[in-house]
Structure formats: structure tokens, C-alpha cells
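Participant: Taken in order, these protein sequences are the chains called A and B.
Read left to right, the first sequence gives residues 374 to 825 (the numbering used here).
Read left to right, the second sequence gives residues 839 to 1290 (the numbering used here).
Ideal placement from N, C-alpha and C gives every residue a C-beta, glycine not left out.
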Amino acid sequence: MEAIALKDRENQIHRKGEKPFEIVCDKDSLAGAVSQRACVFCGSRVVLYPIADALHLVHGPIGCAVYTWDIRGALSSGPELHRLSFSTDLQEMDVIFGAEKKLENALLELIDRHQPKAAFVYSTCIVGIIGDDLEAVCRKVADITKIPVIPVQSEGFKGNKRSGYKAACNAMFRLIGTADTSNVSKHSINILGDFNLAGEIWMIRDYFKRMGVEVVANITGDGRIDDICRAHGAALNVVQCSGATMDLANMMEEKYGIPSIRVSYFGIEDMSEALYDVARFFKDDPEIMTRASQVIQEEVQKIYPELQKYKKALAGKKAAIYVGGSFKAFSLVKAFRLVDMNVVMVGSQTGTPEDYRELDDITDPGTIIVDDSNPLELTSFLKEKDVDIFVGGVKERPIAYKLGVGFCDHNHERKEALAGFTGMVNFVREVYSSVMSPVWRFVPRKNRNSGE
Amino acid sequence: MTKMPNYISTTNACKLCKPLGASVAFRGMEGTVPYLHGSQGCATYMRRYIISHFNEPIDIASSSLSEKHAVYGGAANLKLGLINVNKKYEPKMIGIATTCLTETIGDDVPMILKEFAKETGGLKGNPLLVNVSTPSYSGTHMEGFHATVAAVIEQLTEKSKANKTINLLPGFVSSADYRLLHEIMADFQNQTTILPDLSETLDGTALLEYEKVPRGGTPLQAIKEMSGAAATIEFGRTLGAAKTGGEILKDKFKVSNHRLGLPIGISETDRFFDVLTEITGSPSPHKYELQRGRLVDAYVDGHKYVFGKKAIIYGEEDMVVGLTSFLAEIGVQPILCASGGKSGRFKEAIAAVTDGVLTEQPRVYEGMDFFDIAEEAEGLEPDLLVGHSKGYPLAKKLNIPLIRMGFPIHDRIGGQRILHLGYQGAQHLFDTVVNSLIEKKQNDSPVGYSYM
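Here you go:
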């Protein structure tokens, strides 16, 4: 059989049980390998995107802005400035003579038009090359408009998506510590790394509210500039999606002494654990733990009967997972286990060695673990393992569908809430509605006489 | 006539970037893998954008440049990427398009490719390497698309003996449109080279085995022999700022070039059939007389529902010209024609296709974004919007129907199957427009009519 992977990528794929765990990751994508990854700019843009009362101006040619216009399902309970796509749309002359003046005028025009609470200015590849001084322009505009105007150093080629997360964290860190925190409760947290896709953060906030814990800032789902400015008043940072916002939590711990815990809101197990972890942190008030247990009990009771129904149908089906960050992969492995499904492949775009080691620990022998994969590898894995459902993002969807494999979108474009207790039912329902569809009878994989 | 708004910033652009057009065009050539010379994000973003319309896998390779390449030049990674993509995809051709990053750092791709050929003696399997310059800071995806067609002809077409084929360069239309063009040319019993050809490559069947490079696309041998054709027909009334494929064939090989508008609606389709009759010497097949006759009959049946309704049409310039021609001929009043493109020929083209039909010319603006369009729309009281799915927020705000046409369609299934061209396409357009207006009237009425 032909080798599935290019030689330079072989050490980024591990099959559990074949040899001791070893995987290479966090390296630049191989040229010509059709990586599923994006770039630094993409990393920054997705993290800051949900901050709804800020102006997000992309300084560059039109592509970078237009491909990120309204692409996240991140909802806002108020302003919706984040859903617009602003660009300086650089032209040839701007590239030759520099575009600082254009940037300044664009910022002044947009700030005057929309009256945002702050502005983020994203640097793109080309800005890194022509050398516009973003800091200087932002400082000048901040002076004139009296709002924070913050450069995001997200030149596409300066690393991968993770570097973009870091740049976004650096940008937010400049806001934190600039507002009054005197009325913040001692039982308070910031929610980091939830992006309020399909209203997820509203569910999570509701759980914490019922526990008696105050949420100071959403970072960044349904986020607001004023909240972020006072985020340093919280007692604890609760961090999901460690890849995206862990850097911010670390910086806040260093400067403000705020500890952080890592959680996931996907699946009953991890969601419950997240609430218990927060309750355990506030041990000075045992009532919080009591209420946490109550919330969990109530919520699980609500979803249990429906889950059982799906479990009966789905037991024994095979799942493959390929997601951006590996934290989500852990939860998904557990969530599938809860309905007796088998995970046979799991991978991510930007996992760390620790992440992959953990995946190796929690998966069954024979499971394929892969870093920074590509369409050819993924299709070969799907076929080899005869997968029933593939969990991924938009770029993975047509790969699954073309081969007649079910699919569940677990990326940031989705419009279904998959976090929280309710999210667990939604997730299983999604999986069920794809796996159980009668259309697979017609695809060549199940019926060799049709399709081709 | 009001003054064209002239803002510095761009909000919700009505155009895409140049390499996207190149990627789509390359995707319509036999055995070809599109390859972007730039940072990883460009390829990934464009894949996501194209996939969301076509629901088909599209693998675009990237040279995945990082910071050191941006400083020292991307040649090494370009070459490494070519070797890797060739190894995994075994393509017949690799279509290399530049990006703003590599144009700005000054990579001379033709020279690098020459150097590469000398160093390696050619890649295994001898795939053809073609390249096109597509800096995203000048022009839109349409310039990228047409530049790619021109570059391929310039680099591949050789002198060959006269044959009776017709070269057809349709531009960026749907897969269904490409299939229709094949059918028409076959009905004229004529050998045709359609470049590119998205009929199969971006609307394929369900498969058992993943195709590394999808079947279909313009045969490379046919591209080489376009020099011997009886004539070239190219669609696009706003073409001509850069040298087109048709012009190259005319200048280099003396193949006569017929430039027509996209055949949308009866008038423009009649012109296309007239030219076909003229070139082939055969009369229009009876089948099309019937299609045209039924279409005229339908126009009569539905004319009162649409007469005097005011439409805003936006999108790619040539698509807007075609749609405007169609709307004008059925009695709709186009009031605003807008595009993010800047061909300099848009207004003239609109005037040409509506000459003798419209008593009053619509406002016609190049370089528009959706902020401009929304602002212009105020006070115009449009009854419908016609264009791609990115106009949906405006349609919702104005509470009027959006007739989804062109690219991208990101909020409905089947964008690749929308038929725009020919009498059949016009029939589809007409039914859609009329029914949308009837539906609006029906929904807005409190009576609950079940008979309209």
C-alpha cells in the first residue's frame, strides 16, 4: 500500500499501541502538504471576533477581511459591531508608498461612524513587509478619539494560528487593569475561551449564576470592552480552549496574581467537572458546592431520557475527530464514550505534546492520533477505520460527505449550541441525525453499484 | 444623480481577492492542483470560502511561508512545496498563483520555476507548471480568474494545425452553467474547448475512493491546441483592461475573437446563439427554438407580477451586467447596479445591454461595498435584491426578497447548481423572481390567499 503521509510528516501520526507514545507537533506546516491550518491573523481574528462593542479593522488587502466576515456563530446580547467586516482594502499605491495615513483616516472615519468602545487593528502579511508603524498610528488615533486603539500583531506568516492567539491575548492584556473593580464580588470569575457560539456562554453563565458565582468578563463570547477592562478584579480565571486564551490567563496570574483552572464545557462529564472545580475553588462558601451539585443534578435529569434513546441507536458506531484545539478532542472522546461509541481517530491542528499524550492515555488501542493533518491523510484514515461519523469543521465536511461518511460540525461556524448540558443532547442529536440518515444506503461505500 | 460615496474604509466588501479567482480557475483544468505561493492562511481561508459554496472538497496547496522566508525570499519553500504536492497528488499540472505577500517581497516566480527545472530536471511524472501573478492588492477575484485563463493559454497553447473547434471562455459561472454550455455546443455538433471547465470538478458524484484531483476539467491537450480553433468566444462585457485569453489567441495565432456578455436572459442569449450560428454555419437547433418559445410564453404569463418592480443588483461586474439585462427585459426596473470591481467599463456595459429597453438608466457604481450599497438603497425603495448571499443582511433589513445568484451562496444548498445561462437559465431566473414577488405579496397579506 502506498504511504499515506509524506515522509516528513510520518512522526506527526501515532497509532496507539503500536509503539511507545511519541508524536512531533507545534512545527510549521510542511510546504505543499495542504494543511488544514490557517495563519496567525486567523488565530487573532477568531479570538477577538466576539467582542461585540469593539471595532475590528483589518489593515491589509481585501481578502483577509472578507474571508472572516461574519464567519463565527458568536452571538451578542447587545451591540453587533463584530459582525461587520472592516478593511483598509490596500491597493498597489498603498503598498508602494505605505498606508499609515490611510489607516489613520479609516480609523477616524469608522470610529466616528460607529462610536465603538475600543478598536482593534489587525496587521496582515503585507503590513509586516511594508513596515507601517501600527503602534504609532494607533496611539495617535487613541489620543484624538479618547478610546483604546490597540494594534494586533497578527502578520499571517509570523508563525501559525497559535501565535495569533498569543497576539490576541497581548492585545486584550493592554485593556485589563484599566477600570475600577471595587464592587466585584469575592466569589467571581472570568470565563475565558468560550466564544458564545449559538448562545453557549449564556447557558454557562446561567449555571454559575445559580451557583452564586459572579462572572466579571466574558473572554470573549458576547464580550464587552468595559468588562475586559475590569477583568483583573475577578478571583479566578476559568479557561476553556486552552490554546486560545491560556496565555492571557498566565499573564493575568503573573501581573495580578489571579489563579486559573482549565475546564471544558463539552459533555456531561467535563461540564460537571468544570462547575465542581469552580465550587471547590471557593471553599470558603460551602453553599456554592451544594448549589453546584443541585444545578448538575437538575440539568442531567433534564437530558438523561433523551440521551438514553440515542445511546441505544448509536452504541458501537465509530467516530473520528479532527478539530482545531485538542482540548475539545478530550471532551469529545469522553462524550462519545458516554453513548457507547468508539473513537478510532483523533487529531488537531495545534495540539501540544502534553495534549497528545493525554489523548493517548484516554483512547483505546489502535486509535490513530494525528497532528496538523491534511485531506489525503484524513480520507485514508476514514476509509481504513470505516468511520460512521466524522467531527470537524467546514474544511473537513466535504471530505466526509464525498466518501459517504456522516459528519458533525464542531467548529466556530456552527449554529448549534454544543456546550453545557443542553449542548450534550444537541451534540448527540446531531450525531444521531447524521449517522441514522437513510441516505447512506445510496452512497458507493454502502452500495457498490451506485454513484460511480 | 447622487454623488458616488467615497469612503476611505471598506465595510463588508462586495469582492474577493485575486488568488481565489485563480484557484477556482485552476480547479477547472484537467489533473490540476492549485498552489498558492504565500502564507498558509490564504489557501485555508479560500478553501473554506469555496467549499461553503460548492459543498465539494477543494485542495489548494500552499508554500506555507514563515518569517524567515518573508525575509530571505520564498523560493526554497516554493520548490519544496512543489516536490511534496507532486509526490502526494501526482497531478498533470500544478497551477501556481502568487499572493500579496510573495508579490511584495519580490519573488520572481517564473525565474524560480526555471531555476527549479534546471536543478531537478523536472518533477517525477513531468507535471506542467504554470504560473500567474495575482497580488490581492490590485483587482478582484474576477481579475484573478481571467488572468489565470490568459496565463494558461499564454504558457501552454502551441501552434497546431487548424481544426474546427470553438474555444469558449465563459468566466466564473456555476457548474450547472458549464454543463449547459457543453450541451449547447454538443447540440451545435461542434467540438469545443471550454476553459476552464467546472462542470464536474466542482460538482462531482458521491465516491468510493477519494480522488486526489477530481476528474474532469479542460483537457490539457485541448488547451495546447486552442491555437487551431475556428474561433474563440469569451463572455464578459467588462473585460479588456488586461489582455484576455481570447486576445492572446487572436494576436498569437490569429483565432478570431468574439466577446459577448454572459448569455443571461433572452437578448444576451440570442446574441450568443447568433454568433454560434455564424461561426458554425448551422442554424440554432430546434430544441432551443422550443426553449426560447416557452420562455417567451412564460414572460407573458408572469409579466404583470414583475412590471415596474425596482431591483438592486450587485456582485461581479459581468454577472451584474447579465442579470441587469435580464431584469430590464422582463420589465423590472434596475435602480442600482453595484460591484466591488473597478473595470472602468461597468457603466458602459449596463447602458449597452439596456439600450432601448430602459427609459431611465440605473445608478451604476464600481468599487462599492455593502455599506455603500445600503446607503444608496435608502430612499430608493427597492422591491428586490439580486446577487450572492452576502446581501442577505441588507435584504433582511429592507424586508424584501433576495434572489440568490452568482458566487458565493453561503446560506443555501446548491449554489453550484444554480443555472443562470441560456434560455433554460432565464426560465429558472424568471420563475424564481416572479415566485419570490408573489410569495412576498402572499405573506404580507392578512387574507391568507391560496390562489394568487
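For chain A, find out if any of its Cβ atoms is closer than 7 Å to the Cβ of Glu-894 (chain B); answer yes or no.
Facilitator: Glu-894 (chain B) counts as touching chain A.
Participant: Please check if any C-beta of chain B sits within less than 7 Å of the C-beta of Phe-830 (chain A).
Facilitator: A question about residue 830 (chain A) goes unanswered here, because the residues of chain A that appear run from 374 up to 825.
Participant: Report all residues from its chain with a CB closer than 6 Å to the CB of Gly-596 (chain A); omit the five preceding and five following residues, and keep chain order.
Facilitator: Excluding positions up to five away in sequence, the list reads Pro-423, Ile-424.
Participant: Which residues in chain A have a C-beta closer than 9 Å to the C-beta of Gln-1254 (chain B)? List them in chain order.
Facilitator: By Cβ distance, chain A contributes nothing, its closest Cβ being about 12 Å from Gln-1254 (chain B), past 9 Å.
Participant: Check Pro-1231 (chain B) in the structure and name its three-state DSSP category.
Facilitator: Here Pro-1231 (chain B) sits in helix by DSSP.
Participant: Specify whether the region 577-589 of chain A and the region 522-532 of chain A touch according to this definition: at least 3 beta carbon pairs, one from each stretch, less than 8 Å apart.
Facilitator: Short answer: they don't touch.
Participant: Using a 10 Å radius around the Cβ and a threshold of 16 neighbouring Cβ atoms, would you call Phe-1145 (chain B) buried or exposed?
Facilitator: Result: exposed.
Participant: For Gly-777 (chain A) versus Val-808 (chain A), is the C-beta spacing smaller than 7 Å?
Facilitator: No, they are not a contact pair.
Participant: Are the C-beta atoms of Arg-1250 (chain B) and some chain A residue less than 7 Å apart?
Facilitator: Judged by the 7 Å Cβ criterion, Arg-1250 (chain B) is not in contact with chain A.
Participant: So who's on the other strand from Ala-1069 (chain B), going by DSSP bridges?
Facilitator: BP columns for Ala-1069 (chain B) point to B:Ile-1004, B:Ser-1094.
Participant: Run through DSSP, which three-state label would Ser-1012 (chain B) get?
Facilitator: Ser-1012 (chain B) falls in the coil class under three-state DSSP.
Participant: Please go through the same chain and pick out, in chain order, the residues whose beta-carbon is closer than 7 Å to the beta-carbon of Ser-648 (chain A), but skip the five residues on each side of it.
Facilitator: The question names Ser, but residue 648 (chain A) in the sequence shown is Leu. Excluding positions up to five away in sequence, the list reads Tyr-580, Met-584, Ala-665, Val-668, Ile-669.
Participant: Would you mind giving the Cβ-Cβ distance between Ile-772 (chain A) and Thr-740 (chain A), rounded to the nearest angstrom? I have them listed as a contact below 8 Å.
Facilitator: About 19 Å; that fails the 8 Å criterion.
Participant: Strictly under 7 Å for the Cβ-Cβ distance: is Cys-498 (chain A) near chain B by that measure?
Facilitator: So, interface residue.
Participant: Starting from Lys-1148 (chain B), trace the beta strand (DSSP E) both ways and give me its first and last residue.
Facilitator: Residues 1148-1152.
Participant: From what residue to what residue does the beta strand (DSSP E) around Gly-720 (chain A) run?
Facilitator: Unbroken beta strand (DSSP E) run through Gly-720 (chain A): 715-721.
Participant: How would you list, in chain order, the residues of chain A whose beta-carbon sits under 7 Å from the beta-carbon of Asn-850 (chain B)?
Facilitator: By Cβ distance, chain A contributes Trp-442, Leu-457, Ser-458.
Participant: Can you list, in chain order, the residues of its chain with a C-beta nearer than 6 Å to that of Gly-933 (chain B)? Leave out the 5 residues immediately preceding and following it.
Facilitator: The residues are Phe-864, Thr-870, Pro-872, Val-968.
Participant: Here's a check: name, in chain order, each residue in its chain whose Cβ is nearer than 6 Å to the Cβ of Ser-527 (chain A), leaving out the five neighbours to either side.
Facilitator: Within the same chain, Ser-527 (chain A) has close Cβ partners Val-413, Phe-414, Ser-417, Tyr-495, Ser-496, Gly-537, Ala-540.
Participant: To the nearest angstrom, how far is it from the Cα of Glu-1063 (chain B) to the Cα of Thr-1082 (chain B)?
Facilitator: One C-alpha to the other measures close to 17 Å.
Participant: Any idea what DSSP makes of Phe-1110 (chain B), helix, strand or coil?
Facilitator: The answer is helix: DSSP assigns Phe-1110 (chain B) an H, G or I state.
Participant: Candidates A:Ser-558, A:Asp-599, A:Pro-738, A:Asp-600: which alpha carbon is nearest Lys-389 (chain A)'s?
Facilitator: If we check each option's Cα against that of Lys-389 (chain A), A:Pro-738 comes out closest.
Participant: For my contact list, Glu-786 (chain A) and Ile-444 (chain A) are in at a C-beta cut-off of 8 Å; report their separation, rounded to the angstrom.
Facilitator: Confirmed, Cβ separation roughly 6 Å.
Participant: At a CB-CB cut-off below 7 Å, which residues of chain A make contact with Asn-844 (chain B)?
Facilitator: Simply none; closest approach about 11 Å.
Participant: What are the partner residues of Cys-511 (chain A), as DSSP defines its beta bridges?
Facilitator: Answer by DSSP bridge pairing: none, since Cys-511 (chain A) is not bridged.
Participant: Would you say Phe-530 (chain A) lies against chain B (beta-carbon separation less than 7 Å)?
Facilitator: Judged by the 7 Å Cβ criterion, Phe-530 (chain A) is in contact with chain B.
Participant: Distance check for Glu-981 (chain B) and Gly-1182 (chain B), CA to CA, integer angstroms please.
Facilitator: So the two alpha carbons sit approximately 13 Å from each other.
Participant: Is the Cβ of Phe-763 (chain A) closer than 7 Å to any Cβ of chain B?
Facilitator: By this cut-off, Phe-763 (chain A) is not an interface position.
Participant: Is the shortest distance between the beta-carbon of Lys-1279 (chain B) and the beta-carbons of chain A less than 7 Å?
Facilitator: No, its Cβ sits nowhere closer than 7 Å to a Cβ of chain A.
Participant: Listed in chain order, which residues of the region 926-953 of chain B have Cβ atoms closer than 7 Å to some Cβ of chain A?
Facilitator: Flagged, chain order: Lys-926, Cys-938, Leu-939, Thr-942, Ile-943.
Participant: Which runs of the beta strand (DSSP E) spanning at least 3 residues fall entirely within the region 1220-1277 of chain B, listed in chain order?
Facilitator: Counting only runs of 3 or more, we get 1222-1225, 1240-1242.
Participant: Taking its Cβ as the centre, do 16 or more other Cβ atoms sit within 10 Å of Gly-959 (chain B), making it buried, or is it exposed?
Facilitator: Exposed, since its Cβ has fewer than 16 Cβ neighbours within 10 Å.
Participant: Return helix, strand or coil for Ser-1283 (chain B), following the three-state DSSP convention.
Facilitator: Ser-1283 (chain B): coil per DSSP, three-state reduction.
Participant: For Glu-905 (chain B), tell me which candidate among B:Val-862, B:Ala-1136, B:Gly-963, B:Thr-940 has the shortest Cα-Cα distance.
Facilitator: Ranking B:Val-862, B:Ala-1136, B:Gly-963, B:Thr-940 by Cα distance to Glu-905 (chain B) puts B:Thr-940 first.
Participant: With a threshold of 7 Å between beta-carbons, can Gly-919 (chain B) be considered close to chain A, or not?
Facilitator: Yes, its Cβ sits closer than 7 Å to a Cβ of chain A.
Participant: So, does the region 1166-1184 of chain B touch the region 1198-1206 of chain B, judging by three or more C-beta pairs under 8 Å?
Facilitator: They touch, by the three-pair rule.
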